[in-house]
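Each remark here refers to the structure printed beneath this line.
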Amino acid sequence: MFSQIGVKSVDELFKAIPEKVKINTVGVVPPSGISELELKETLEYLSKKNKNTKEFVSFLGGGSYNHFIPSTVSHIIRKSEFYTAYTPYQPEISQGMLQSIFEYQSLICDLTGMDAANASMYDGATALAEAASSAVHFTGKNEILVSKAVNPNYRKVLNTYAAGAGWKVVEFGYQQSLGISDFYDASKKMSDGIACVILANPNFFGCIEDVEKFSAVARAKGALSIITIDPISLGILKRPGDIGVDIVTGEGQSLGLPQSFGGPYLGIFAVKKDHLRLMPGRIVGETVDTKGRRGYVLTLQAREQHIRREKAFSNICSNEALCALAATVYLATMGKSGLRDVANLCLQKADYAKKKLSNLVAFRSPSFKEFVLKTSKPVDRINQLLLDNKMIGGLDLGKYYPELKDHMLIAVTEMVKKEDIDRLSGLIF
Amino acid sequence: MYPGNLKYSKEHEWVKVDSITATIGITSHAQSELGDIVYVELPKIGAKFGAMKEFGVVESVKTVSTLYCPVSGEVTEVNSDLSSKPEVVNSDPYGQGWMIKVKLSDPSEVDKLLSSKEYEALLKK
Chain D
1 MFSQIGVKSV DELFKAIPEK VKINTVGVVP PSGISELELK ETLEYLSKKN
51 KNTKEFVSFL GGGSYNHFIP STVSHIIRKS EFYTAYTPYQ PEISQGMLQS
101 IFEYQSLICD LTGMDAANAS MYDGATALAE AASSAVHFTG KNEILVSKAV
151 NPNYRKVLNT YAAGAGWKVV EFGYQQSLGI SDFYDASKKM SDGIACVILA
201 NPNFFGCIED VEKFSAVARA KGALSIITID PISLGILKRP GDIGVDIVTG
251 EGQSLGLPQS FGGPYLGIFA VKKDHLRLMP GRIVGETVDT KGRRGYVLTL
301 QAREQHIRRE KAFSNICSNE ALCALAATVY LATMGKSGLR DVANLCLQKA
351 DYAKKKLSNL VAFRSPSFKE FVLKTSKPVD RINQLLLDNK MIGGLDLGKY
401 YPELKDHMLI AVTEMVKKED IDRLSGLIF
Chain E
1001 MYPGNLKYSK EHEWVKVDSI TATIGITSHA QSELGDIVYV ELPKIGAKFG
1051 AMKEFGVVES VKTVSTLYCP VSGEVTEVNS DLSSKPEVVN SDPYGQGWMI
1101 KVKLSDPSEV DKLLSSKEYE ALLKK
C-alpha cells in the first residue's frame, strides 16, 4: 500500500505535524503490553499530575464552573438504560429517554421564562452561534451585533459560523470603568441590516447587563434579542423571557456536570413561541396514543436536516442527551429554593471576596459570581504563587483582551469557603 | 374540486387573476396529499419573485413542502390568518386558505399556466 500512495513509512504520513506538538514520551502502554492492574496504577499515577478541584480550591471560571453536584445525578445518569443511549434515532421506542428530554425542556422553559426549549446542543458556544443563524433566517438580514463582553471563545465560534455562512459580525465595546456593554456604541452600530443583538448575562466579566434596554433597541430595528446566560444566575436574576429576549442560549455545565477538561457540556437553547420553527436540533413533544395514553414523540422534525437537508436552518440533528439528563436531575433535586440558595451562596461569597479585595476590583458594576481584579503583578506569577498554596487562580484576561493586561477574572462558587477567600486575599495583596 | 375560473401550476398552486393582481394558494389535491397542515411560512409584503420561484413553505404533520410562485411579481398582501389557523388550507383551499396576492409584472405568464381541465389531466397521469 505504501508504494501505491508513494510513501516509505508510517512516519512519513505524519510529517505534516510539527515536531514540537508531538508527544515524545513513550505511550502509557508499552508495546509488550501490561496487566489491567498495572494499567490502572499507571493511569492513576498520571492523573495525580493534574491539579484537581478536590484537592485545590478553584477560583477559575470564565465559562466552566466548579459547582456542587448532588449524588442523585450520578445515580440516575449511570443507569445503563440512560448511560449507553445516544440521542434517540428510533425515538418512539425509547419512551423513557424521550420523557427525560421532555422534562429537561420543560425545566429549561421554567428557568428561562421562554415558551419552548430544544433537547439541547453541544455547548454554550454552539448554541449561541445557532441562535445567530436562526436570527439570520428569521430576519433575512445578515449582520450580527455582538458585545465584546461576551465570552471570547463563544465569539470565536460565532466567527467560524459567520465565515462560512457569509454573515458580518460587528462587535461593540464595553465601558472601561463599569465592565458592562456600551449601549452608546451598540446604538451607533445598529444599522437596518442587523439580524440580532447578542449579550451575555452575567457577562464575561461577571457583571449584570441592562438586557431590557438592548432588547428594546433590537426590537425597534426589527432584529432579535439573543442572550447567553449562566443558568445558576437565574436562581436570583429576572428570567430572560420576562425582559424582552427572543432567544436564550447558555452553557448548562453548571447544572450537575463536572468540568472535565471542557466537555462534554450542554448547550441550552430556548425561544418564544413566535420563533418555535427557528429552533435547531431535536424537540420532544408530549401527545396521546390511539388509546388516549400519554406518550412522547420527536416533534417538528420536518424542519430537520435529515428530512430537508438542503433547506434546513441547521446541520445539528443530535443532542447531548446524557448531559441534558444530568441537568434535569440536578434541577429536580435542587428545586426552586435549592437553586435560589446556590445562586445566593455564589453571590454572597463572591461579594465577600470582592469586599476583601476591593482595592483591586476593576469594574464598578454589580456582579454575580465572577469579578475582575486589576493586579499589581503579572497574573501568571500570582497564579503560580496560588498553585503553590493549593489554590487555582483566576483567568488571565490579558490573553483575550490586550487592554486588560494584568487583569484576573475571579470566580467564586458555593464550593469556596470563607477561609479560602481570606487566604486568597492574603496571597494576592 | 378544480374550479374553472382558476389557473394551475404543475407544482399544484392555483392562481386567480383579477386585472393585474393574482391571488395564489395550493390546490385541493396538494392539501390532501400533504395531510393536516400545521404551519405556513409566507413572505413579507414587498418581496419580489420570478415565475416558479420559491415563495414560502407549507408544513404538515408528515412533511414540509416548498411553495412556488406561478407568476412573477411583487407581494402586495399575505394571508396572516394562516399563522393562527393553518388548517383552513385543508378545509377551504380556494377560499380562506389563500396564501399571497401578487402584483403581476408580466400578465402574459398567466396564459402559460394550466386550465382546470389540463390540471385534472395532469393529476390522472
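Heads up: the sequence lines are chains D and E, in that order.
Its first residue numbered 1, the first sequence is counted upward by one per residue in the numbering used here.
Its first residue numbered 1001, the second sequence is counted upward by one per residue in the numbering used here.
For each residue, glycine too, the CB sits at the ideal point set by N, CA and C.
*Which class does D:ILE198 belong to by DSSP, given the choice of helix, strand or coil?*
strand
*asked:* Give me, in chain order, the residues of the same chain whose beta-carbon lies closer than 8 Å to that of E:GLU1013; leave out the 5 immediate sequence neighbours on both sides.
replied: The beta carbon of E:GLU1013 lies closer than 8 Å to those of ILE1024, GLY1025, ILE1026, THR1027, ALA1030, LEU1067, TYR1068, CYS1069 and PRO1070 in the same chain, with the five residues before and after it left out.
*At a CB-CB cut-off below 8 Å, which residues of chain E make contact with D:ARG282?*
By Cβ distance, chain E contributes nothing, its closest Cβ being about 16 Å from D:ARG282, past 8 Å.
_Residue nearest to E:ASP1106 in terms of C-alpha spacing, selected from E:GLY1046, E:VAL1064, E:VAL1017 and E:LEU1122_ = E:VAL1017
*Looking at chain D, which residues of the segment 1039 to 1057 of chain E have a Cβ within less than 7 Å of any of its Cβ atoms?*
TYR1039
*With 9 Å as the C-beta to C-beta threshold (strictly closer), list the residues of the segment 188 to 220 of chain D near chain E in chain order.*
none
*Which residue spans inside the segment 1043 to 1113 of chain E form an unbroken beta strand (DSSP E) run of at least 3?*
1053 to 1060, 1064 to 1069, 1073 to 1078 and 1100 to 1104
_Ignoring anything shorter than 3 residues, give me the beta strand (DSSP E) runs that lie fully in the segment 332 to 420 of chain D, in order along the chain._
370 to 374 and 407 to 411
*asked:* I need the boundaries of the beta strand (DSSP E) containing E:LYS1016, first residue and last residue.
replied: 1013 to 1018
*Would you mind sorting D:HIS75 into buried or exposed? The rule is 16 or more other CB atoms within 10 Å of its CB.*
exposed
_Rounded C-alpha distance that separates D:GLY179 from D:ALA116_ = 32 Å
*asked:* My output table needs one value for D:CYS317: the three-state DSSP class, helix, strand or coil.
replied: coil
*asked:* Just verifying my parser: in three-state terms, what is the DSSP assignment at E:LYS1117?
replied: helix
_Just verifying my parser: in three-state terms, what is the DSSP assignment at D:ARG423?_
helix
*asked:* By the DSSP assignment, the beta strand (DSSP E) with D:ILE34 in it spans what residues?
replied: D:ILE34 -> no beta strand (DSSP E), and no H or E assigned at all.
*At what residues does the beta strand (DSSP E) containing D:PHE269 begin and finish?*
267 to 271
*Return the CA-CA distance between D:ILE205 and D:VAL372, expressed in angstroms with no decimal places.*
Contrary to the premise, residue 205 of chain D reads as Phe rather than Ile in this sequence. Using only the alpha carbons, I get a separation of about 6 Å.
_Beta-bridge pairing of D:MET121 - partner residues as DSSP gives them_ = D:GLY267
_With a threshold of 9 Å between beta-carbons, can E:VAL1089 be considered close to chain D, or not?_
no
*Reducing DSSP to helix, strand and coil, say where D:LEU300 ends up.*
Coil.
_So the candidates are D:ARG381, D:LYS273 and D:PHE313; which of them puts its Cα closest to the Cα of D:MET114?_
Ranking D:ARG381, D:LYS273 and D:PHE313 by Cα distance to D:MET114 puts D:LYS273 first.
_D:SER80 versus D:MET97, D:SER425 and D:LEU360, residue with shortest Cα-Cα distance_ = Out of D:MET97, D:SER425 and D:LEU360, D:MET97 has the C-alpha closest to the C-alpha of D:SER80.
*What does a CB cutoff of less than 6 Å around D:ALA129 pick up in its chain, not counting 5 residues either side in sequence?*
VAL157, LEU158 and TYR161
*For D:TYR174, the three-state DSSP class (helix, strand or coil)*: strand
*Taking the alpha-carbon positions, what's the D:ALA314 to D:THR228 distance?*
The displayed chain sequence assigns Ser, not Ala, to residue 314 of chain D. Rounded to whole angstroms, D:SER314 to D:THR228 spans 19 Å at the Cα level.
*Supposed close pair E:ILE1045, E:PRO1086 - CB separation, criterion 8 Å*: So it is not a contact: roughly 19 Å between Cβ atoms.
*DSSP on D:VAL245, reduced to helix/strand/coil?*
Reduced to three states, the DSSP call for D:VAL245 is coil.
*Closer than 9 Å, CB to CB, is D:LYS434 near chain E or not?*
The requested residue 434 of chain D does not occur in the structure, where chain D is confined to residues 1 to 429.
*Start and end of the alpha helix (DSSP H) containing E:SER1032?*
1028 to 1034
_Amino acids of chain E, ordered along the chain, whose beta-carbon sits closer than 9 Å to that of D:ARG277_ = TYR1039, GLU1041 and GLU1059
*Residue span of the beta strand (DSSP E) that contains E:GLU1041, given as start and end*: 1037 to 1041
*D:ARG78 classed as buried or exposed, judged by whether at least 16 other C-beta atoms fall within 10 angstroms*: Answer is exposed; the Cβ neighbour count stays below 16.
_Where D:ILE428 sits in the DSSP three-state scheme_ = It is helical.
*At what residues does the alpha helix (DSSP H) containing D:VAL146 begin and finish?*
Segment 143 to 147 is the beta strand (DSSP E) holding D:VAL146; no alpha helix (DSSP H) there.
*asked:* Check whether the segment 1072 to 1080 of chain E and the segment 1004 to 1013 of chain E are in contact - that is, three or more C-beta pairs closer than 8 Å.
replied: no
*asked:* My parser needs the alpha helix (DSSP H) runs of 4 or more residues fully inside the segment 52 to 137 of chain D; what are they?
replied: 71 to 77, 80 to 83 and 95 to 112
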